[in-house]
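Position 76 (the sequence shown) corresponds to 81 in our numbering; numbering is contiguous.
Notes follow the structure.
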Amino acid sequence: MRLRHIEIFEALLQAGTLTGAATLLNISQPAATKLLQQAERELGFALFSRVGGRLQLSSEGQLLRDRIENLSDELRELRRLSLSIRHSGQQHLRVVSTPALASTVVPQAIARLRRQFPDASIELLTEHSQEMQRSLLLRENDLGLTLQEMHHPGLHLEKLLQGRLMAIAPAGWWTKAQLRKPLKMAELAGVALIGIAVRDSLGRRLRTHLQYLDPEPKISVRVQTYQLAKSLVQDGQGVALVDPFTALGASGEALQVRALELELEVPLYAVSRKGESLTPIQKKFLEHVRKSSQPFMTM
6 MRLRHIEIFE ALLQAGTLTG AATLLNISQP AATKLLQQAE RELGFALFSR VGGRLQLSSE
66 GQLLRDRIEN LSDELRELRR LSLSIRHSGQ QHLRVVSTPA LASTVVPQAI ARLRRQFPDA
126 SIELLTEHSQ EMQRSLLLRE NDLGLTLQEM HHPGLHLEKL LQGRLMAIAP AGWWTKAQLR
186 KPLKMAELAG VALIGIAVRD SLGRRLRTHL QYLDPEPKIS VRVQTYQLAK SLVQDGQGVA
246 LVDPFTALGA SGEALQVRAL ELELEVPLYA VSRKGESLTP IQKKFLEHVR KSSQPFMTM
């Protein structure tokens, strides 16, 4: 199948009619009909059959559908890669950040950056660390901001700042006297705790400390992100140990916040592609991220 045949196949799947497919491809209906006929003639079988005024996939078309959709995804990735290469020398910043950072320090950093680069084109996406790694390697983004370690030979990890793990609880959980003091790990013994599946050195160290408590905390719910943990705490499901950005962002939301007496570091990382120098706008953005993050990391 030719590229144009793949495009008409996809357009027909979406629209269900030749008229709709022609509109999606910005061509005339006769041109769409001709494309479909060419594709079917080259393949030697029908891709669609007409049912009630609409086109439906034939049994042969069903067999091709998954493979064609995969090819279409790869073509879209190729177009995005080509676009990123074309814009690489311009004042263009593409940042991907974890949700906790995107809702706290990143907007402040972008606002400061805009004052210095008013004509710059800036894109911000939110993704979790695994998706972030993929988007950087595919050149869909140029810089990543995360609180989790990444280990990939094609990526460079730079520690910008280091904060501490914090505890959050529903309003009224701790007394005023307790709120003035750091939380001792012993206070978590037997407490309803929201578990967080953080698969890095921080997560491993935290699990080690928790397993020595007697009795161990009651973990009945485990989540993948600090943001989900915060939502469960807001619903009164127990205490959670979270990063300082999530904790400080929660302090005005009828939640209580305490620092841990045990200092478990939470680093803020900038991620970029290995072997590529940062552009001036990227360097300046990271400077502003450091400044915006300072209040969170020194709680």
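The C-beta atom is built at its ideal place from N, Cα and C for all residues, glycine as well.
For residue i and residue j, which I take to be in contact (beta-carbon distance under 8 angstroms), what is that distance rounded to the nearest angstrom?
| i | j | result |
| --- | --- | --- |
| residue 111 | residue 150 | 7 angstroms |
| residue 265 | residue 187 | 6 angstroms |
| residue 100 | residue 137 | Not confirmed; about 10 angstroms, so no contact. |
| residue 40 | residue 81 | About 20 angstroms separates the two Cβ atoms, so there is no contact after all. |
| residue 325 | residue 248 | Past the edges of the chain, shown from 6 to 304, lies residue 325, and the structure says nothing about it. |
| residue 180 | residue 133 | With 8 angstroms as the limit, residue 180 and residue 133 do not qualify as a contact, their Cβ atoms being about 36 angstroms apart. |
Where do the N-terminal and C-terminal ends of the alpha helix (DSSP H) with residue i fall, by residue?
| i | result |
| --- | --- |
| residue 220 | First-last for residue 220: undefined, no H or E at that position. |
| residue 109 | Where residue 109 is concerned, there is no enclosing alpha helix (DSSP H), given that its DSSP letter is neither H nor E. |
| residue 295 | 285 to 302 |
| residue 238 | 231 to 239 |
Buried or exposed for residue i, going by 16 or more other Cβ atoms inside 10 Å?
| i | result |
| --- | --- |
| residue 47 | exposed |
| residue 272 | buried |
| residue 143 | exposed |
| residue 124 | exposed |
| residue 71 | exposed |
| residue 235 | buried |
| residue 217 | exposed |
| residue 50 | exposed |
| residue 229 | exposed |
| residue 146 | buried |
| residue 84 | exposed |
| residue 298 | buried |
| residue 184 | exposed |
Got a sec, what are the start and stop residues for the beta strand (DSSP E) residue i sits in?
| i | result |
| --- | --- |
| residue 264 | 260 to 264 |
| residue 245 | 245 to 247 |
| residue 59 | 59 to 62 |
DSSP has residue i in a bridge; who is on the other side?
| i | result |
| --- | --- |
| residue 275 | 150, 163 |
| residue 270 | 169 |
My parser needs the alpha helix (DSSP H) runs of 4 or more residues fully inside the segment 136 to 212; what are they? Fully enclosed alpha helix (DSSP H) runs of 4 or longer: 181 to 184.
As an exercise, report each continuous alpha helix (DSSP H) stretch of at least 4 residues that is fully enclosed by the segment 10 to 86, in chain order.
Counting only unbroken stretches of 4 or more residues, the alpha helix (DSSP H) elements lying wholly within the segment 10 to 86 are 23 to 30, 34 to 48, in sequence order.
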